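S.K.:
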Amino acid sequence: MISVQDALAHLFALCTPLDNETVPLRAASGRVLAETAMARMVQPPFDASAMDGYAVRDADTTEGAGFEVIGESAAGHGFSGTVSQGSAVRIFTGAPLPAGADRVIIQEDVTREGNRITLTCTPSDNRNIRPAGNDFGPTDGLSAPRRLSPQDVALLAAMNHAEVSVGRRPVVAIISTGDELVLPGETPRPSQIIASNAFGLAAMVEQAGGIARMLPIAPDDMTLLRATFEMAMEADVIVSIGGASVGDHDLVGKVVEELGMERAFYKVAMRPGKPLMAGRLGDTVMLGLPGNPVSAMITAKLFMVPVIGALQGLPPQPAPRQKAVLLQPVSDNGPREHYMRAILTAEGVQPFARQDSSLLSILSNANALLVRPPHDPAREVGETVDVISL
Ligand code: AMP
Ligand code: MG
1067 MISVQDALAH
1077 LFALCTPLDN
1087 ETVPLRAASG
1097 RVLAETAMAR
1107 MVQPPFDASA
1117 MDGYAVRDAD
1127 TTEGAGFEVI
1137 GESAAGHGFS
1147 GTVSQGSAVR
1157 IFTGAPLPAG
1167 ADRVIIQEDV
1177 TREGNRITLT
1187 CTPSDNRNIR
1197 PAGNDFGPTD
1207 GLSAPRRLSP
1217 QDVALLAAMN
1227 HAEVSVGRRP
1237 VVAIISTGDE
1247 LVLPGETPRP
1257 SQIIASNAFG
1267 LAAMVEQAGG
1277 IARMLPIAPD
1287 DMTLLRATFE
1297 MAMEADVIVS
1307 IGGASVGDHD
1317 LVGKVVEELG
1327 MERAFYKVAM
1337 RPGKPLMAGR
1347 LGDTVMLGLP
1357 GNPVSAMITA
1367 KLFMVPVIGA
1377 LQGLPPQPAP
1387 RQKAVLLQPV
1397 SDNGPREHYM
1407 RAILTAEGVQ
1417 PFARQDSSLL
1427 SILSNANALL
1437 VRPPHDPARE
1447 VGETVDVISL
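Just so we're on the same page, our numbering is the position in the sequence shown counted from 1, plus 1066.
What follows is the structure, given as structure tokens:
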């Protein structure tokens, strides 16, 4: 049995980032930027007005000064003349500052009669000008690798990128195993249950930027299970669910061994999720998750999601942790790292009383995992602990 940290390191060692591809900007959100994108624009491209008002020479702006309005500069329609002493150009936010002007007086600070304006106060220190390149210029860019947020997409668009190079989305084949499983919507016979895990995992794959391929449920039969794995060999990652313990009907280990898997590890010192296996099947990363629904979802969060990130070109990193204050005492922990389902609020973290790894309803109500290191002593209210957001 190895630690979560060592298991993750073994798993990352199996991951080679996939090829890059160029996608239109509209398809870039959530993808991992593969090549640093330098600005192709200076923004703003010219000195621009930050306010609606009048562009004038700063030297002319004494209280009570009068100006003749000689033209207008609006967004998209600059003024082609020059502002000279005693003249002003009506200007709007984002419009180019006319030549000769070096201040914008806001419209609230003047009175206007016909083509004449009068400054009614001493103007503030702020000249209300956005200098050219104030936001970004040719030496600025967005560095790779980076998971692109909507804000990043806006910035790339402003930098005049119509398309970007991103890591290919890993294809993740999901195999449910077990004679007892039927799909949601079917009517289960007395000893059957619904194959819920595959649906949760597929959603998680997609949230992590992968493409989920759900394979038909494989019964606990060597031949059929093997055939299902063979169907999945084209994928970048195979995630199997269940059949990974040592019971008579736990056939996943035997099948992947027959198929030639180089095993990286089997059994991780964690709770839930001990029977977890990983290895390489040809070019495919194989991850065998436990069948219990909560175990499957938590091990996927801790192992599958970082793998999908690494394959897209992100630096190999475990699920991010934060600190929180305990709102309830917890007893001492055993030899396995414990990921307790919990509620995290601004006040702190509160684990659920029921932690059985078959309880999906509790997992659905949880928004965080409280991490207990192996052999962690009992902890009191107010102590600081590690949590992982769900
Ligand atoms: P196993 O590791 O195959 O013994 O599965 C452990 C437990 O998880 C059993 O109660 C299975 O019925 C259940 N289980 C296995 N696969 C799934 C699945 N895809 N969805 C929901 N429950 C499952
Ligand atoms: Mg099973």
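Glycine included, C-beta positions come from ideal geometry on N, C-alpha and C.
Remember, predicted model here, so these are calculated numbers, not experimental data.
(1) Under a three-way DSSP split, which group does residue 1456 fall into?
(2) Return yes when the Cβ of residue 1279 is within less than 7 Å of the Cβ of residue 1087, no when it is not.
(3) Which term fits residue 1186, buried or exposed, when burial requires 16 or more other beta carbons within 10 angstroms of its beta carbon?
(4) Quick check on this structure: which residue in 1141, 1126, 1140 has the alpha carbon closest to the alpha carbon of residue 1134?
(5) Return the Cβ separation of residue 1165 and residue 1148 in integer angstroms, given the expectation that the two are a contact with Cβ distance under 8 Å.
(6) What is the DSSP secondary structure of residue 1273, reduced to helix, strand or coil?
(7) Please state whether DSSP places residue 1152 in a helix, a strand or coil.
(8) First and last residue of the beta strand (DSSP E) that includes residue 1389?
(9) May I have the straight-line CA-CA distance separating residue 1361 from residue 1342, to the nearest angstrom?
(10) What distance in whole Å lies between the Cβ atoms of residue 1116 and residue 1154, which are believed to be in contact at a cut-off of 8 Å?
(11) Is any heavy atom in ligand 2 found nearer than 6 Å to the beta carbon of residue 1319?
(12) Among residues of its own chain, excluding the 5 on either side of residue 1329, which ones have a beta-carbon nearer than 6 Å to its beta-carbon?
(13) Would you kindly report the start and end of the unbroken alpha helix (DSSP H) that includes residue 1296?
(14) Drop a sphere of 10 angstroms on the beta-carbon of residue 1146, count the other beta-carbons inside from all chains shown, and report buried for 16 or more, exposed for fewer.
(15) Any contact of the stretch 1096–1110 with the stretch 1215–1228, i.e. 3+ C-beta pairs under 8 Å?
(16) Count the other CB atoms, across all protein chains shown, that sit within 10 Å of the CB of residue 1216; report buried if there are 16 or more and exposed otherwise.
(17) Within 7 Å (strictly less), CB to CB, does residue 1317 reach chain C?
(18) Less than 6 Å separating the Cβ of residue 1339 from some heavy atom of ligand 2?
(19) Which residues in the same chain as residue 1335 place their Cβ atom closer than 8 Å to its Cβ, once the five residues preceding and following it in sequence are excluded?
(20) Would you say residue 1309 touches ligand 2, meaning its beta carbon is less than 6 Å from a heavy atom?
(21) May I have the straight-line CA-CA distance separating residue 1313 from residue 1428, to the nearest angstrom?
(22) Can you tell me which residues form a DSSP beta bridge with residue 1115?
(23) Cutting at 7 Å between CB atoms, please list the residues of its own chain near residue 1299, excluding the five before and the five after it.
(24) Inspect the CB distances between the stretch 1237–1256 and the stretch 1199–1212 and report whether three or more fall short of 8 Å.
(25) Over the uninterrupted alpha helix (DSSP H) stretch that includes residue 1313, give me the two end residues.
(26) Could you tell me the distance, in whole angstroms, from the CA atom of residue 1331 to the CA atom of residue 1074?
(27) Count Cβ pairs between the stretch 1388–1395 and the stretch 1353–1371 that sit closer than 8 Å; are there 3 or more?
(28) Give me the Cβ distance between residue 1305 and residue 1355, rounded to the nearest whole Å; I'm assuming they're in contact under 8 Å.
(29) On the three-pair Cβ rule with 8 Å, is the stretch 1264–1277 touching the stretch 1287–1295?
(30) Shortest alpha-carbon distance to residue 1413 belongs to which of 1389, 1168, 1425?
(31) If contacts are defined as beta-carbon pairs under 8 Å, then residue 1452 and residue 1437 qualify, I think. What distance do you get, rounded to the angstrom?
(32) Between the alpha carbons of residue 1338 and residue 1092, how many angstroms are there, rounded?
(33) Do you know whose CA, among 1315, 1447, 1100, 1309, lies nearest residue 1340's CA?
(34) Would the C-beta of residue 1357 count as close to ligand 2, meaning under 6 Å from any of its heavy atoms?
(35) Below 8 Å, can you find three or more Cβ-Cβ pairs linking the stretch 1259–1266 to the stretch 1196–1206?
(36) Relative to the alpha-carbon of residue 1114, which residue among 1123, 1297, 1158 has its alpha-carbon at the smallest distance?
M.R.: Inspection of the coordinates gives the following:
(1) Counted from its first residue, the sequence shown places residue 1456 at position 390. DSSP places residue 1456 in the coil class of the three-state scheme, outside both helix and strand.
(2) Against the sequence shown, residue 1087 aligns to sequence position 21. Against the sequence shown, residue 1279 aligns to sequence position 213. Taking 7 Å as the Cβ cut-off, residue 1087 and residue 1279 do not qualify as a contacting pair.
(3) For the purposes of this step, residue 1186 is identified with residue 120 of the sequence shown, where counting begins at 1. Exposed: under 16 other Cβ atoms inside 10 Å.
(4) By one-based count along the sequence shown, residue 1134 stands at place 68. The shortest Cα separation from residue 1134 among 1141, 1126, 1140 belongs to 1126.
(5) Looking up residue 1165 in the sequence shown gives position 99. Looking up residue 1148 in the sequence shown gives position 82. Right, the Cβ-Cβ distance comes to about 4 Å (below 8 Å), so this counts as a contact.
(6) Your numbering for residue 1273 matches position 207 in the sequence shown. If DSSP states are grouped into helix, strand and coil, residue 1273 belongs with the helices.
(7) Position 86 of the sequence shown holds residue 1152. Looking at residue 1152 - three-state DSSP - the assignment turns out to be coil, as it is neither helix nor strand.
(8) Counted from its first residue, the sequence shown places residue 1389 at position 323. It spans 1388–1391 - the beta strand (DSSP E) in which residue 1389 sits, taken as one unbroken run.
(9) Translated into positions along the sequence shown, residue 1361 becomes position 295. Translated into positions along the sequence shown, residue 1342 becomes position 276. Residue 1361 and residue 1342: Cα-Cα distance of roughly 9 Å.
(10) Numbered from 1 along the sequence shown, position 88 holds the residue referred to as residue 1154. Numbered from 1 along the sequence shown, position 50 holds the residue referred to as residue 1116. With 8 Å as the limit, residue 1154 and residue 1116 do not qualify as a contact, their Cβ atoms being about 17 Å apart.
(11) Translated into positions along the sequence shown, residue 1319 becomes position 253. Every heavy atom of ligand 2 is 6 Å or more from the Cβ of residue 1319, so no.
(12) To locate residue 1329, count along the sequence shown from 1; it is residue 263. Within the same chain, residue 1329 has close Cβ partners 1345.
(13) The residue given as residue 1296 occupies position 230 in the sequence shown. From DSSP, the alpha helix (DSSP H) with residue 1296 extends over 1288–1298.
(14) Residue numbering aside, residue 1146 sits at position 80 when the sequence shown is read from its first letter. Label assigned to residue 1146: exposed.
(15) yes
(16) Stepping through the sequence shown from its first residue, residue 1216 is reached at position 150. Flag for residue 1216 reads exposed.
(17) The structure shown contains no chain C; it holds only a single protein chain.
(18) Start at 1 with the first residue of the sequence shown, and residue 1339 comes out as number 273. Not one heavy atom of ligand 2 sits closer than 6 Å to the Cβ of residue 1339.
(19) Taking the first residue of the sequence shown as position 1, residue 1335 is located at position 269. Counting only Cβ-Cβ distances below 8 Å, and skipping sequence neighbours, we find 1067, 1068, 1069, 1070, 1401, 1402, 1403, 1440.
(20) For the purposes of this step, residue 1309 is taken as the residue at position 243 of the sequence shown. Answer for residue 1309: yes, Cβ within range of ligand 2.
(21) Taking the sequence shown and counting its residues from 1, one reaches residue 1313 at position 247. Taking the sequence shown and counting its residues from 1, one reaches residue 1428 at position 362. Their Cα atoms are separated by approximately 27 Å.
(22) Residue 1115 sits at position 49 when you count from the first residue of the sequence shown. In DSSP, residue 1115 forms a bridge with 1195.
(23) If you number the sequence shown from 1, residue 1299 lands on position 233. The residues are 1347, 1348, 1350.
(24) no
(25) Here residue 1313 corresponds to residue number 247 of the sequence shown, with the count starting at 1. Segment: none, residue 1313 is in no alpha helix (DSSP H) and carries neither H nor E.
(26) As a working note, residue 1331 is residue 265 in the sequence shown. As a working note, residue 1074 is residue 8 in the sequence shown. Roughly 10 Å separates the two Cα atoms.
(27) At 8 Å Cβ cutoff, the stretches do not touch.
(28) Here residue 1305 refers to the residue found at position 239 when the sequence shown is read from its first residue. Here residue 1355 refers to the residue found at position 289 when the sequence shown is read from its first residue. Indeed, because the Cβ distance is near 6 Å, the residues count as touching under 8 Å.
(29) no
(30) Here residue 1413 refers to the residue found at position 347 of the sequence shown. Of the listed residues, the one whose Cα sits closest to residue 1413 is 1389.
(31) Against the sequence shown, residue 1452 aligns to sequence position 386. Against the sequence shown, residue 1437 aligns to sequence position 371. The Cβ separation is near 4 Å, so the contact holds.
(32) Locating residue 1338 in the sequence shown gives position 272, counting from the first residue. Locating residue 1092 in the sequence shown gives position 26, counting from the first residue. Their backbone Cα atoms lie some 39 Å apart in a straight line.
(33) As a first step, residue 1340 is located in the sequence shown; it is residue number 274 there, counting from the start. Ranking 1315, 1447, 1100, 1309 by Cα distance to residue 1340 puts 1309 first.
(34) Working through the sequence shown from its first residue, we reach residue 1357 at position 291. Yes; taking the cut-off as 6 Å, the Cβ of residue 1357 has a heavy atom of ligand 2 nearer than that.
(35) In short, these stretches do not touch, since the Cβ pair count stays below three.
(36) In the sequence shown, residue 1114 corresponds to position 48, counting from 1. That would be 1158, whose Cα lies nearest to the Cα of residue 1114.
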